[in-house]
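With positions in the sequence shown counted from 1, the corresponding number in our numbering is that position plus 92. Just so you know, even glycine gets a beta-carbon here, dropped at the ideal spot from N, CA and C. To start, the structure itself, in structure tokens.
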Amino acid sequence: MIEIGLTTFKEHGKLLNKSFLALSDYASLFPVVEMNTSFYGIKQPTVSQKWVDETPESFSFSVKAFKVMTKHAKIEEFYQSEEEMDDAFKLFLMPLIQQNRLSTILCQFPSFFICNKPNVEYLRKLRLRFKEFPMAIEFRSGTWYNDSVKQDMIEFMKQYHYTLVTVDEPQVTHHSVPFLPKVTTKDYAYLRLHGRNKRYWTEKSGDWRKKRTLYRYSDSELNELAKDIKQIEAKKIVVVFNNNSGGDAGENALTLKNMLAIDYKGLNPTQLNLF
């Protein structure tokens with residue numbers, strides 16, 4: 093099964109000729125969504141319950157880990173202890189778990205999270221803290237893919253039941269990881285497609301978020317990705333387009349869906365605006 097989706101849902105309104113999409117609208121087009129809101133702050137379970145209520149039973153959510161969990165911020169700014177933070181995050185996820193709607197917890201680590209013993213130990217402990225949950229790891233540091241450690245890293249991911257995220261992104265020296273479709277959890281694979289805009293991949297200006305994923309995949313590039321996806325041996329393959337800056341993710345996702353001849357059943361009914 094190949095599930096194609098997007099990062100966030102509101103900003104893809106042009107797919108249905110709307111200014112923005114409600115989650116129920118989005119769920120008429122795709123079977124999975126990647127939710128970023130939990131990265132910035134852990135919400136109440138009423139929020140995730142609302143997600144469940146607005147989507148069909150077959151729809152699932154990839155939920156980004158809270159930024160403290162992936163070393164983007166210090167815990168002292170938000171919680172008194174790691175246990176308090178973990179309990180809050182698990183409580184937030186509970187409606188998704190109870191309804192079997194959690195695709196994975198996406199742990200996107202920053203580029204300064206390099207491959208070294210303390211960080212390997214952190215990953216080991218993080219897995220034990222969330223041992224009952226599916227978790228996927230996206231690295232932003234190429235040190236994890238150096239020839240001297242790559243195979244050990246892959247075996248570590250398998251041992252601790254982490255899904256190693258396959259990333260398609262601009263290849264910029266010291267700022268990229270390679271496209272490596274290795275399956276580390278046999279039932280599940282996860283791909284994130286960021287686009288290939290080399291010019292702005294390392295952008296540090298105030299509006300870098302609007303530039304970094306400014307990219308539209310060509311049909312030939314999508315065809316090559318489709319071939320790669322077909323070669324992946326996993327029961328479920330989740331493909332998420334993150335090239336949102338120019339509004340290209342949705343159309344690229346639908347094109348890939350057609351190339352793979354996928355017809356999703358059980359989605360929400362499509363409701364178009366009259367004007």
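Best match in the options for proximity to residue i [C-alpha to C-alpha]
i, options, result
"residue 283", "345, 310, 247", "345"
"residue 267", "258, 294, 230", "294"
"residue 94", "348, 257, 360", "348"
"residue 137", "180, 288, 362", "180"
"residue 156", "277, 225, 271, 170", "225"
"residue 350", "122, 102, 159, 326", "122"
"residue 206", "237, 143, 182", "237"
"residue 250", "261, 265, 281, 260", "281"
"residue 209", "111, 341, 235", "235"
Backbone secondary structure at residue i - three-state DSSP
i, result
"residue 248", "helix"
"residue 229", "strand"
"residue 212", "helix"
"residue 97", "strand"
"residue 195", "strand"
"residue 178", "helix"
"residue 343", "helix"
"residue 131", "helix"
"residue 243", "helix"
Beta bridge counterpart(s) of residue i as assigned by DSSP
i, result
"residue 268", "The partner list for residue 268 (beta bridge, DSSP) is empty, contrary to what the question assumes."
"residue 291", "Per DSSP, none; premise fails for residue 291."
"residue 126", "99, 154"
"residue 280", "277, 328"
"residue 258", "283"
"residue 333", "98, 285"
"residue 200", "230"
Residue i, buried or exposed, once every other Cβ within 10 Å from all chains shown has been counted against 16
i, result
"residue 358", "exposed"
"residue 133", "exposed"
"residue 285", "buried"
"residue 371", "Outside the shown range of the chain, which is 93 to 367, sits residue 371, and nothing can be said about it."
"residue 98", "buried"
"residue 243", "exposed"
"residue 372", "Residue 372 cannot be examined here, being either before or after the span of the chain that is shown, 93 to 367."
Next item on the list: May I ask you to verify whether the segment 148–161 touches the segment 190–202, counting CB pairs closer than 8 Å and requiring at least 3?
Entry: yes
Note to self: Check whether the segment 271–280 and the segment 325–337 touch, using three or more Cβ-Cβ pairs below 8 Å as the test.
What the structure shows: yes
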